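One structure below.
2 protein chains.
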Amino acid sequence: MQTMFTLDQKDLPRRWYNVLPDLPTPLDAPLHPGTREPIEPEALLSLFARTCVEQEVATDRWIDIPDPVLDVYRHWRPTPLLRATRLERALNTPAHIYLKYEGASPTGSHKTNTAVPQAYYNKLEGTKNLTTETGAGQWGSALAFACQTFGLGCTVFMVRSSYDQKPYRKAMMSLFGARVHASPSAETQAGRDALARNRETPGSLGLAISEAVEAARSGTGTKYSLGSVLNHVLLHQTIIGLEAERQMEMAGESPDVVVACVGGGSNFGGLVLPLYRAARERGRTTRFVAVEPEACPSLTRGEYRYDFGDTAKTTPLLRMHTLGHDFVPPPIHAGGLRYHGMAPIVSRLVEDGVVEPVAYGQLDVFASAVLFARTEGIIPAPETAHAVHAAVQIARECAATGDRKTILIGFSGHGHFDMSAYSAYLAGELARAEPADRVYVRAAAAAATRLYC
Amino acid sequence: MQTMFTLDQKDLPRRWYNVLPDLPTPLDAPLHPGTREPIEPEALLSLFARTCVEQEVATDRWIDIPDPVLDVYRHWRPTPLLRATRLERALNTPAHIYLKYEGASPTGSHKTNTAVPQAYYNKLEGTKNLTTETGAGQWGSALAFACQTFGLGCTVFMVRSSYDQKPYRKAMMSLFGARVHASPSAETQAGRDALARNRETPGSLGLAISEAVEAARSGTGTKYSLGSVLNHVLLHQTIIGLEAERQMEMAGESPDVVVACVGGGSNFGGLVLPLYRAARERGRTTRFVAVEPEACPSLTRGEYRYDFGDTAKTTPLLRMHTLGHDFVPPPIHAGGLRYHGMAPIVSRLVEDGVVEPVAYGQLDVFASAVLFARTEGIIPAPETAHAVHAAVQIARECAATGDRKTILIGFSGHGHFDMSAYSAYLAGELARAEPADRVYVRAAAAAATRLYC
Chain A
114 MQTMFTLDQK
124 DLPRRWYNVL
134 PDLPTPLDAP
144 LHPGTREPIE
154 PEALLSLFAR
164 TCVEQEVATD
174 RWIDIPDPVL
184 DVYRHWRPTP
194 LLRATRLERA
204 LNTPAHIYLK
214 YEGASPTGSH
224 KTNTAVPQAY
234 YNKLEGTKNL
244 TTETGAGQWG
254 SALAFACQTF
264 GLGCTVFMVR
274 SSYDQKPYRK
284 AMMSLFGARV
294 HASPSAETQA
304 GRDALARNRE
314 TPGSLGLAIS
324 EAVEAARSGT
334 GTKYSLGSVL
344 NHVLLHQTII
354 GLEAERQMEM
364 AGESPDVVVA
374 CVGGGSNFGG
384 LVLPLYRAAR
394 ERGRTTRFVA
404 VEPEACPSLT
414 RGEYRYDFGD
424 TAKTTPLLRM
434 HTLGHDFVPP
444 PIHAGGLRYH
454 GMAPIVSRLV
464 EDGVVEPVAY
474 GQLDVFASAV
484 LFARTEGIIP
494 APETAHAVHA
504 AVQIARECAA
514 TGDRKTILIG
524 FSGHGHFDMS
534 AYSAYLAGEL
544 ARAEPADRVY
554 VRAAAAAATR
564 LYC
Chain B
114 MQTMFTLDQK
124 DLPRRWYNVL
134 PDLPTPLDAP
144 LHPGTREPIE
154 PEALLSLFAR
164 TCVEQEVATD
174 RWIDIPDPVL
184 DVYRHWRPTP
194 LLRATRLERA
204 LNTPAHIYLK
214 YEGASPTGSH
224 KTNTAVPQAY
234 YNKLEGTKNL
244 TTETGAGQWG
254 SALAFACQTF
264 GLGCTVFMVR
274 SSYDQKPYRK
284 AMMSLFGARV
294 HASPSAETQA
304 GRDALARNRE
314 TPGSLGLAIS
324 EAVEAARSGT
334 GTKYSLGSVL
344 NHVLLHQTII
354 GLEAERQMEM
364 AGESPDVVVA
374 CVGGGSNFGG
384 LVLPLYRAAR
394 ERGRTTRFVA
404 VEPEACPSLT
414 RGEYRYDFGD
424 TAKTTPLLRM
434 HTLGHDFVPP
444 PIHAGGLRYH
454 GMAPIVSRLV
464 EDGVVEPVAY
474 GQLDVFASAV
484 LFARTEGIIP
494 APETAHAVHA
504 AVQIARECAA
514 TGDRKTILIG
524 FSGHGHFDMS
534 AYSAYLAGEL
544 ARAEPADRVY
554 VRAAAAAATR
564 LYC
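Protein sequence lines, in the order shown, are assigned to chains A and B.
Start counting the first sequence at 114; every next residue gets the next number (the working numbering).
Start counting the second sequence at 114; every next residue gets the next number (the working numbering).
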């Protein structure tokens with residue numbers, strides 16, 4: 114039986130899909146961090162490449178992928194669609210389980226899909242250096258690779274807990290020529306302030322963003338690059354879903370349920386947005402399930418309101434699901450999901466009932482990841498493992514009901530740089546992570562401004 | 114420009130290619146370790162599955178791949194053929210550089226190609242457990258995966274120097290359910306003897322083989338599995354070259370030079386043997402270059418004679434290029450190339466002038482690996498990096514002469530579990546490895562039986 118569906122390279126999509134004109138409800142405008150008035154796109158040009166800013170508010174449904182970006186994509190794209198037949202048999206389920214495998218990219222995750230165009234646009238516009246933050250290291254290594262490709266300098270602020278857990282991600286970034294700092298660092302005011310408050314902090318994506326933004330503002334020829342959350346990032350990621358749509362057709366199926374993990378929302382959006390469009394166009398009913406960690410449950414337990422993207426309140430305010438910009442999640446291994454906020458597009462689709470959020474604890478997630486690795490031979494990244502766990506739950510339901518659902522997993526990356534987490538899990542040393550309620554109460558006390566439900 | 118050539122899964126080869134009937138000179142028979150008389154295949158049945166023993170001396174040119182093996186292969190095969198256009202541009206060479214990418218397999222190297230059929234045949238014949246040795250951990254993790262797939266127990270003796278350098282390979286083997294011991298270990302007499310001689314030994318593949326063979330002989334329902342050297346192992350690996358042959362046709366080219374690294378010879382043989390056949394059949398001249406480390410130069414500086422496959426002299430004697438079964442190579446990072454001997458098939462083809470051996474030092478090899486990673490975004494395993502370095506040398510010659518050669522690299526695996534080696538290299542802390550002459554002299558003194566040239 115065929116279990117791998119590969120598109121020919123001539124069928125590589127030439128355009129990204131922009132969901133903005135197709136959203137059921139338009140997005141609310143970002144607000145200026147000082148005035149709290151709607152911000153003009155021009156105000157973002159000090160941080161981002163002009164083309165990215167334009168894409169942030171684009172109204173065209175299709176946006177051409179530049180040829181030099183396609184040339185780089187062609188080093189690993191189209192990525193394969195795989196059928197997880199051995200997992201299906203192990204679960205004794207009538208469900209069909211597919212995965213769109215982004216682990217085939219140079220740095221092992223979907224992140225290169227946006228790192229490459231962001232570096233390219235910046236290069237075109239004369240930028241010399243990019244700064245960014247990274248959680249698990251997947252985004253940092255993707256941007257390091259992209260900067261290396263186009264001859265840009267690259268500085269990465271890596272969240273302390275990941276920096277300590279994943280030395281080989283740091284090594285990969287160095288190999289691709291990036292400078293890497295553990296965040297909070299002594300390199301920025303935001304970092305120094307955080308260290309003064311608590312020298313032992315595991316850090317957070319929100320804080321690392323503050324550091325990277327500050328470093329971009331103070332560097333010459335330097336801009337900032339964000340690996341998730343923003344509309345243009347989700348746009349670049351839609352190549353995943355556009356490929357997957359054709360590959361599911363090759364397999365002769367259409368997904369009943371699409372599951373993907375959500376940290377900032379770009380992996381989820383990249384797979385789901387084109388499939389959402391396809392489902393609407395063809396009058397199909399498809400469930401879109403966004404999977405987050407219980408330890409950082411922005412969609413399932415956060416508020417939908419305006420909030421800053423970073424801890425130091427330097428970014429525009431976005432209307433999104435948030436746990437509060439000063440929320441510091443426990444150091445779970447899925448470092449890429451430790452973000453207090455969520456992509457406004459994904460948040461809006463949750464509000465509109467298109468996307469269903471769900472949250473799981475890391476011990477349950479790792480149990481499914483081990484089952485997946487032992488049956489399929491592919492080791493999921495801890496972030497990806499959240500989607501795998503959700504798919505396993507649905508497939509088990511199908512086994513109980515006899516329902517033959519087709520499940521598509523957004524397999525955002527492999528776990529080759531996360532083996533210490535697997536070792537800890539297998540040795541019984543992995544913590545369940547703190548109960549979410551305790552985290553909320555503590556965060557709420559620290560912020561002293563609001564209570565989480 | 115197209116840079117990835119993917120075969121459709123319906124074009125997955127259904128048969129392996131057996132080179133034995135096509136060798137210019139037949140192989141010399143293995144000898145019994147006790148009597149030194151030619152050994153009967155039957156005598157190998159205490160160690161190996163019957164089908165593997167039969168394949169060791171098969172005379173058919175084509176051997177069917179069993180359907181259950183094809184089902185597992187289909188989880189990652191056919192693997193892609195990639196064109197390294199960015200490396201070509203960086204070298205400013207008219208050469209075209211292709212790589213057959215075996216890093217796409219579950220455990221990241223070509224080793225699963227033979228681990229899966231070996232586990233399958235053993236399962237069919239009633240074996241309960243397999244034992245083996247591993248150097249870099251690529252073979253051990255491949256066999257662990259295959260045993261997990263078919264429900265066999267698995268015990269791996271991992272060469273001490275790799276065990277210490279690569280904890281995450283060990284974690285991967287554990288994840289796939291294997292028991293892993295650092296070799297020399299206290300689990301076997303061979304290991305205890307070696308520890309008594311030198312508690313600080315980095316170990317060697319030859320010694321780890323002795324341990325695994327001893328463990329297989331003393332366990333109930335237990336057999337042994339070898340990841341390289343033997344004819345049946347090279348046979349299983351020919352799927353690489355059979356796919357590559359068709360993919361080079363898709364690319365509209367035929368290779369002038371094929372380069373691959375050699376440790377025991379299975380990766381090299383797997384790619385080269387089908388291409389050797391194709392070249393002969395079509396009257397093409399193709400160079401086949403076998404690349405080994407200066408620190409363990411069995412083909413370039415060893416003798417072609419009968420020798421044991423292991424340190425404790427428990428295996429049959431094979432006629433091959435050898436540095437002596439008691440040779441302990443320095444702990445270079447390319448752990449998979451630290452073997453004193455060589456596949457008899459590869460040795461024979463070197464003697465017959467079909468294969469050209471060459472040896473490089475690890476610092477030069479890492480320099481090319483870094484260039485490759487920074488241009489192509491793929492991080493080569495240290496073993497694979499030897500082939501990359503050879504290809505870079507040839508491409509540089511082409512740049513000097515204007516010759517437009519087509520070079521095909523056997524890209525045996527990725528380096529995601531070797532980042533500590535890259536870190537050491539980038540920090541300037543990687544040793545050139547000991548000069549080969551000093552190693553020889555010391556080994557010769559220890560053995561006190563012969564001198565190496």
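Heads up, the beta-carbon is just placed ideally off N, CA and C, and yes, glycines get one too.
Every value quoted in this text rests on a predicted model; they were computed, and no experiment measured them.
Neighbouring residues, chain A, relative to residue i (Cβ below 9 Å)
i                : result
Thr116 (chain B) : Gln122, Asp184, Arg187, His188
Gly290 (chain B) : Arg487
His529 (chain B) : Gly221, Tyr281, Met285, His527, His529, Phe530
Extent of the continuous alpha helix (DSSP H) run through residue i
i                : result
Asp141 (chain A) : Run containing Asp141 (chain A): none; DSSP gives neither H nor E here.
Leu296 (chain B) : A small fix is needed here, since residue 296 (chain B) is Ser in this sequence, not Leu. Element bounds for Ser296 (chain B): not the alpha helix (DSSP H) but the beta strand (DSSP E), 292–296.
Leu539 (chain A) : 532–539
Ala500 (chain A) : 495–514
Glu542 (chain B) : Run containing Glu542 (chain B): none; DSSP gives neither H nor E here.
Phe263 (chain A) : 251–263
Chain-ordered chain B contacts of residue i [CB-CB under 9 Å]
i                : result
Pro219 (chain A) : Ala486, Glu489, Gly490, Ile491, Ile492
Given residue i as reference, the closest of the options once Cα atoms are compared
i                : options                                : result
Arg190 (chain B) : B:Pro387, B:Leu120, B:Thr148           : B:Leu120
Cys409 (chain A) : A:Pro429, A:Ala232, A:Ala373, A:Tyr452 : A:Tyr452
Gly528 (chain B) : B:Tyr214, B:Ile210, B:Leu158, B:Pro151 : B:Tyr214
Ala480 (chain A) : A:Ala494, A:Leu450, A:Val467, A:Pro470 : A:Ala494
Phe485 (chain B) : A:Cys165, A:Val375, A:Pro219           : A:Pro219
Leu476 (chain B) : B:Leu543, B:Met455, B:Val468, B:Lys518 : B:Leu543
Arg414 (chain A) : A:Phe440, A:Lys426, A:Gly340, A:Glu362 : A:Phe440
Ala456 (chain A) : A:Leu157, A:Phe270, A:Ser341, A:Asp516 : A:Ser341
Gly396 (chain B) : B:Ser379, B:Glu405, B:Asp369           : B:Asp369
Residue i (DSSP reduced to helix, strand or coil)
i                : result
Cys374 (chain B) : strand
Tyr417 (chain B) : strand
Asn242 (chain A) : strand
Leu642 (chain A) : Because chain A in this structure spans residues 114 to 566, residue 642 (chain A) falls outside the shown range and cannot be described.
Ala456 (chain A) : coil
Thr488 (chain B) : helix
Met271 (chain A) : strand
Ser525 (chain A) : coil
His438 (chain B) : coil
Met114 (chain B) : coil
Neighbour list for residue i in chain A, Cβ cutoff strictly below 7 Å
i                : result
Met532 (chain B) : Tyr281, Ala284, Met285
Tyr535 (chain B) : Ala284, Leu288
Proximity of residue i and residue j at Cβ, strictly below 7 Å
i                : j                : result
Thr262 (chain A) : Arg292 (chain A) : no
Tyr417 (chain A) : His438 (chain A) : no
Pro429 (chain A) : Ile178 (chain A) : no
Gly250 (chain A) : Arg273 (chain A) : no
Phe401 (chain B) : Val468 (chain B) : yes
Thr424 (chain A) : Ser296 (chain A) : no
Ala357 (chain B) : Phe381 (chain B) : no
Leu265 (chain A) : Ala232 (chain A) : yes
Gly334 (chain B) : Lys224 (chain B) : no
Val170 (chain A) : Pro154 (chain A) : yes
Ile522 (chain B) : Ala500 (chain B) : yes
Boundaries (first-last residue) of the beta strand (DSSP E) holding residue i
i                : result
Glu469 (chain B) : 468–473
Asp177 (chain A) : 175–177
Ala447 (chain A) : Per DSSP, Ala447 (chain A) belongs to no beta strand (DSSP E) and is neither H nor E.
His434 (chain A) : 430–435
Thr335 (chain B) : 335–337
Chain B residues whose Cβ lies nearer than 8 Å to that of residue i
i                : result
Val483 (chain A) : Leu288
Contact set between residue i and chain B, taken where Cβ atoms lie within less than 7 Å
i                : result
Gln261 (chain A) : Arg487
Contacts of residue i in chain A (Cβ-Cβ under 8 Å)
i                : result
Phe479 (chain B) : Correct list: empty, because the minimum Cβ distance to chain A is about 11 Å.
Any chain C beta carbon closer than 7 Å to residue i
i                : result
Leu243 (chain B) : Reference to chain C is not applicable here, since the protein chains of this structure are A and B.
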